[in-house]
Amino acid sequence: MRRTSGRVVALLVTGVLALGGCTAGSGDDAVDDGSAVGEAAAAGEPAAPVEATGSARTVTGSMAETTADVPGDAGMPGTLTLILRAVEVSEQTMTVRWAMRWDGDDAEPDAALSYYDMGLGTAVSVIDPTNLKAYRPFCTDGTWKGEAVEAVRCKASMLASARDEVGSRFPNHGTVEGWASLPAPEGRPATVDVMPIEGLPGFTQAEVTYLDGDS
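The following block contains the structure:
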């Protein structure tokens with residue numbers, strides 16, 4: 003059984019966002035984010051469009067949420083609730099904020115699950131379906147667009163609150179906040195599609211807040 007709320011839709015982007023779909027490197031391929039990691043920025047590259055069948059709008063600090071069963075391979079009961087907090091752009095940087103809660107009523111009160119336990123990934127994906135661009139987090143080493151080893155290094159050095167899929171854990175009935183820093187989308191789109199966690203339903207038509215006031 004799988005439940006959703008907040009008018010959301012799963013983004014099936016495993017095939018859409020191949021490691022060559024976005025880049026985080028140095029030299030001519032880099033995008034300067036105005037910080038010390040300017041040469042390690044990720045840039046948007048063409049991506050297949052995502053069908054938009056839902057929307058996300060700001061309501062009391064949360065844009066939307068989706069609730070799904072814990073993936074079967076975890077061997078643990080309960081549900082995962084993913085909350086999209088905000089998509090904010092300031093100058094050349096886009097910040098995605100979210101939260102996730104595991105509720106395992108039949109699990110031990112002090113139990114905890116990691117991303118690895120649930121078969122989930124920590125790399126955020128943002129898609130601009132209008133301009134056919136995909137974005138992934140800035141990283142300080144490696145590149146999303148290179149060989150597999152380069153992508154692994156990039157993921158390990160992402161500018162994000164969660165990188166370690168084994169050590170990052172969710173306590174039973176506890177909400178864990180997350181964030182990631184990505185390149186600002188080209189063309190200043192009003193909405194984007196967001197997949198905060200690899201392997202869970204994402205959100206379409208999430209409104210982008212431009213902190214310079216031009217939304």
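Heads up: the sequence shown is residues 3 to 217, going by the working numbering. Virtual Cβ for every residue (Gly too), placed ideally from N, Cα, C.
Using only CA atoms, which one of the options lies nearest to residue i?
i: Leu122; options: Val210, Glu200, Leu213; result: Glu200
i: Asp214; options: Pro73, Val91, Leu84; result: Val91
i: Ala153; options: Ala164, Ala162, Cys141; result: Cys141
i: Glu167; options: Thr145, Arg138, Asn174, Ala125; result: Ala125
i: Leu134; options: Pro79, Pro173, Asp195, Asp112; result: Asp195
i: Asp71; options: Thr81, Ser127, Met197; result: Thr81
i: Ala101; options: Glu209, Cys156, Pro173; result: Pro173
i: Ala208; options: Leu161, Val89, Tyr117, Asp108; result: Val89
i: Tyr117; options: Thr211, Gly189, Gly169; result: Gly169
i: Pro191; options: Leu161, Phe205, Val210, Pro203; result: Val210
i: Gly189; options: Ala113, Arg171, Leu202, Ala136; result: Ala136
i: Tyr212; options: Pro187, Pro73, Thr206, Gly144; result: Pro187
i: Asp105; options: Val151, Leu84, Thr95; result: Leu84
On the DSSP bridge list, what partners appear for residue i?
i: Trp100; result: Leu86, Gly180
i: Thr211; result: Glu90
i: Val194; result: Ala208
i: Pro185; result: Thr95
What whole-angstrom Cβ distance do residue i and residue j have, given they're in contact under 8 angstroms?
i: Gly180; j: Arg103; result: Not confirmed; about 11 angstroms, so no contact.
i: Pro198; j: Leu115; result: Not a contact, Cβ separation roughly 16 angstroms.
i: Pro131; j: Ala182; result: That belief does not hold up - the Cβ atoms of Pro131 and Ala182 are roughly 19 angstroms apart, past 8 angstroms.
i: Thr68; j: Pro185; result: With 8 angstroms as the limit, Thr68 and Pro185 do not qualify as a contact, their Cβ atoms being about 25 angstroms apart.
Just the C-alpha distance for residue i and residue j, rounded to the nearest angstrom, thanks.
i: Met120; j: Ala164; result: 15 angstroms
i: Thr193; j: Thr97; result: 14 angstroms
i: Ala45; j: Ala66; result: Caution applies to Ala45, whose pLDDT of 44 falls short of 50 and renders its modelled position unreliable; the value that the coordinates give is listed next. Roughly 26 angstroms between the two C-alpha positions.
i: Met78; j: Val128; result: 29 angstroms
i: Glu149; j: Cys156; result: 11 angstroms
i: Lys147; j: Pro111; result: 42 angstroms
i: Ser159; j: Glu93; result: 22 angstroms
i: Ala109; j: Ala162; result: 29 angstroms
i: Ala113; j: Ser64; result: 27 angstroms
i: Thr206; j: Val151; result: 31 angstroms
i: Thr145; j: Thr95; result: 18 angstroms
i: Pro73; j: Arg99; result: 23 angstroms
i: Val178; j: Arg171; result: 9 angstroms
i: Asp143; j: Asp107; result: 40 angstroms
- request: With a floor of 4 residues, list each alpha helix (DSSP H) that falls wholly inside the segment 92-179, ordered by position along the chain.
  value: List check, alpha helix (DSSP H) in window: 117-120, 150-158.
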